[in-house]
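*Asks:* Using this note's numbering, the letters of the sequence shown correspond one by one to residues 8 to 58. Just so you know, even glycine gets a beta-carbon here, dropped at the ideal spot from N, CA and C. Predicted, not measured: the structure shown is a model, and the values here were computed from it. Following this message is one structure expressed as structure tokens.
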Amino acid sequence: MGRTDGPDLFIDYKAIVEDGYRTLYEGDLVEFEIVQGPKGPQAANVRKQLN
């Protein structure tokens, strides 16, 4: 995932908080937490923002 205020982050689909099929599309705005994963920083508790 690209960010405006730092380096890109890895997102595991299991980190996406959504009912049904968990997916993100290019251009989706999201809120998330940054946690330390096994290979470095990654996103957690990823939620789509309503436009």
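Output yes or no for whether 8 Å exceeds the beta carbon distance between Lys55 and Asp35.
*Replies:* As a position in the sequence shown, residue 55 is number 48, starting the count at 1. As a position in the sequence shown, residue 35 is number 28, starting the count at 1. Cβ distance < 8 Å, so Lys55 and Asp35 count as in contact.
*Asks:* If Gln49 and Ile18 are in contact, beta carbons under 8 Å, what's the gap, nearest whole angstrom?
*Replies:* Taking the first residue of the sequence shown as 1, we reach residue 49 at position 42. Taking the first residue of the sequence shown as 1, we reach residue 18 at position 11. Yes, Gln49 and Ile18 are in contact; Cβ-Cβ is about 7 Å, under 8 Å.
*Asks:* Using the beta-carbon count (16 or more within 10 Å), is Leu57 buried or exposed?
*Replies:* For the purposes of this step, residue 57 is taken as the residue at position 50 of the sequence shown. Exposed, because fewer than 16 other Cβ atoms sit within 10 Å of the Cβ of Leu57.
*Asks:* Is the beta carbon of Val37 closer than 8 Å to that of Ala51?
*Replies:* Locating residue 51 in the sequence shown gives position 44, where the first residue counts as 1. Locating residue 37 in the sequence shown gives position 30, where the first residue counts as 1. Not a contact, by the Cβ cut-off of 8 Å.
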